[in-house]
Amino acid sequence: MSDEFPIKIIHERNICIGCCACESIAPKIWVMNKDNKSDLIGAKKVEGKEEVYELELKEMGENMEAAESCPVNCIHVEENGQRKI
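Following the working numbering, the numbering of the sequence shown begins with 21 at its first residue and continues without gaps.
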């Protein structure tokens, strides 16, 4: 995480149930895939972790609300290295 991109979104895609809550709240960042699980647009796979992806952003946008809406808590948000959810 850099000063330029203080927000990190972490998506544990392997536990996603495809409820579409994240996409309905933040459609510029989240999209449903053909396998009925959400994808974090532009995210990079975390090495050594199965189906875990990260995306660094300049601004929070709707991502905190998207994370809070996830019924299985597969979306996590960090700001300046501190986990918010």
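From the three backbone atoms N, C-alpha and C, an ideal C-beta is built for every residue, glycine too.
All figures in this text were calculated on a predicted structure; none of them were measured in a lab.
DSSP lists no bridge partner for M84.
Secondary structure of E98 (DSSP, three-state): strand.
Put simply, the backbone Cα of G68 is about 13 angstroms away from that of E32. Looking at the backbone, the Cα of E71 and that of S89 are separated by about 20 angstroms. According to the DSSP secondary-structure assignment, V51 is paired through a beta bridge with D59.
When C-alpha distances from Y73 are compared across I49, G38 and L60, the shortest belongs to L60.
With at least 16 other beta carbons inside 10 angstroms of its own, S58 counts as buried.
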